[in-house]
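Going by the working numbering, the sequence shown opens with residue -7, and the numbers climb by one from there. Here's the structure we're looking at; comments come further down.
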Amino acid sequence: MSVASDLVSLFFSEFTINWATMATVVRVQEEPSDSGKPGLLTATINGANKEDVRWFWPIKPAPGSRCIVLFGDNNVSRAVAIGFTKVAKIKSKIAELCEIEIDEEGFKIDHSQLISVFGKLNEGKLTLKNGPILEVTLDSIQNKVDVKGKLEIGDSTIPAVDTNALEIWMNQVTASLQALYTAIQATPTTPLDGGASYKAGLIAAIASLPIPTVPPDLKVSNLKYGKPTT
-7 MSVASDLVSL FFSEFTINWA TMATVVRVQE EPSDSGKPGL LTATINGANK
43 EDVRWFWPIK PAPGSRCIVL FGDNNVSRAV AIGFTKVAKI KSKIAELCEI
93 EIDEEGFKID HSQLISVFGK LNEGKLTLKN GPILEVTLDS IQNKVDVKGK
143 LEIGDSTIPA VDTNALEIWM NQVTASLQAL YTAIQATPTT PLDGGASYKA
193 GLIAAIASLP IPTVPPDLKV SNLKYGKPTT
């Protein structure tokens, strides 16, 4: 017998063929387990709800998503949903090195050999972990970082300038230059001494308030709010 005649015989014997069909996701019953067990969902197929339709990562469907339901071995109990049009969550592993999760609550990119990035919408927080080197390029924000609220730097060594010490030193420099400027304007000139008295006045002004040297503790590490930690 030919394949065509076999199909005709099956048709007239009322043998049921479960063709692939379109369906609509009603709800997700459970997610796939890490051990490989498939997830389960309820879908509307030809106007009737069918439970325990299997599905697999990387896409968790959202309610209302259209999909295609296949029947393994022509068995209704082995229905599998694929090709979702609405996504509630994406979860996948790449070469067992990188795990990616994205949903409405945030995202996670966890790389075992590079940096891991976690973003949580409800906490308004972006976390970077485990990276040997972190490089942030700020060209697109025109070299301006506007931080509102509390800013803390942990125990890592971060060479920087103590802004409080810098402010004190700059104020001292300003005061010294102002004293010299005042002396230049106020010191009288005596034509007969060849400018000796004028020079002496400037020397006295400089001696009374000399330009300060750069403080040795201006460059520090482990800053918090511009002050070195103790």
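We treat Cβ as the ideally placed atom computed from N, Cα and C, and that holds for glycine.
Quiz item: Are there 16 or more other CB atoms within 10 angstroms of the CB of residue 70, so buried, or fewer, so exposed?
Solution: Around the Cβ of residue 70, a 10 Å sphere holds fewer than 16 other Cβ atoms; the residue is exposed.
Quiz item: Nearest-angstrom Cα distance between residue 225 and residue 58?
Solution: No answer is possible for residue 225: it lies beyond the span of the chain, which begins at -7 and ends at 222.
Practice problem: Buried or exposed for residue 52, please, with buried defined as at least 16 other CB atoms from any protein chain shown within 10 angstroms of its CB. | Solution: buried
Quiz item: DSSP on residue 47, reduced to helix/strand/coil?
Solution: Note: residue 47 maps to strand in three-state DSSP.
Quiz item: Do residue 47 and residue 33 come within 8 angstroms of each other at the CB atom, strictly closer than that value?
Solution: yes
Practice problem: Please name the residue in 20, 63, 14, 206 whose C-alpha comes closest to that of residue 39. | Solution: 14
Exercise. In the DSSP assignment, find the alpha helix (DSSP H) that holds residue 22 and state where it starts and stops.
Key: Here residue 22 belongs to no alpha helix (DSSP H); instead the beta strand (DSSP E) covers 13 to 22.
Quiz item: Going by alpha carbons, who is nearest to residue 43 out of 121, 73, 25, 140?
Solution: 73
Quiz item: Could you give the distance in angstroms between the alpha-carbon of residue 109 and the alpha-carbon of residue 209?
Solution: 36 angstroms
Quiz prompt | Stretch pair the segment 196 to 205 + the segment 151 to 167: three plus CB contacts closer than 8 angstroms | solution = yes
Exercise. Using three-state DSSP, classify residue 238 as helix, strand or coil.
Key: Shown here, the chain extends from -7 to 222; a query on residue 238 therefore has no answer.
Practice problem: Quick one: grab the DSSP three-state call for residue 171. | Solution: helix
Self-check item: Distance, residue 171 Cα to residue 165 Cα
Solution: 10 angstroms
Quiz item: What number of angstroms, rounded off, separates the C-alpha of residue 1 from the C-alpha of residue 67?
Solution: For the pair residue 1 and residue 67, the Cα-to-Cα distance works out to about 20 angstroms.
Quiz item: Do you know how far the Cα of residue 20 is from the Cα of residue 98?
Solution: 20 angstroms
Quiz item: Can you pull the DSSP bridge partners for residue 27?
Solution: None; residue 27 has no bridge partner.
Quiz item: Can you name, in chain order, every residue of its own chain whose Cβ lies under 7 angstroms from the Cβ of residue 24, other than the five neighbours on each side?
Solution: 30, 31, 48, 49
Quiz item: Which residues bound the alpha helix (DSSP H) around residue 276?
Solution: Residue numbering for the chain in the displayed model covers -7 to 222; residue 276 lies beyond these limits and cannot be assessed.
Quiz prompt | Nearest neighbour of residue 175, chosen from 184, 192, 36 [CA to CA] | solution = 192
Exercise. Take residue 84 as the anchor and find which of 77, 78, 96, 103 has the nearest alpha-carbon.
Key: 103
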